[in-house]
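By the UniProt record's numbering, the letter at position 48 of the sequence shown is numbered 48, and the numbering carries on one by one without gaps.
Okay, structure first, notes after.
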Amino acid sequence: MEGYRIVFDREEMVLGWKESNCYDSILSKTLPPNKGNSSRPSPPPPPPTNGVGRLTSGLVTVLVATSSHHFAILSS
């Protein structure tokens with residue numbers, strides 16, 4: 001919950017919430033966040049394509065072909 005803090009009243013034994021101003025210039029030397037036009041970070045670049053996808057698909061094709069060959073021999 002933004003803008004609140006947890007407080008505990010020892011006399012009443014009650015735990016609750018209290019509004020707080022984290023950027024109060026008197027109590028803190030931290031500057032408030034800039035609520036102006038913030039730009040979204042650019043998306044990460046795509047992974048490099050160095051033929052790994054083609055190698056993987058070729059490997060899958062070979063594995064499927066050999067598996068089905070063994071299955072055909074065992075089932076006959």
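Even glycine gets a Cβ: it sits at the ideal position worked out from N, Cα and C.
Please read all numbers here as calculations on a predicted model, not as lab measurements.
Open item on the list: Bridge partners for LEU15 per DSSP, in chain order?
Closed with: PHE8
Task: Through-space distance from ARG10 to PRO41, alpha-carbon basis - done: 45 Å
Task: Neighbourhood of LYS18 by C-beta, 7 Å cutoff - its chain only, sequence neighbours within 5 removed - done: TYR4, ARG5 and VAL7
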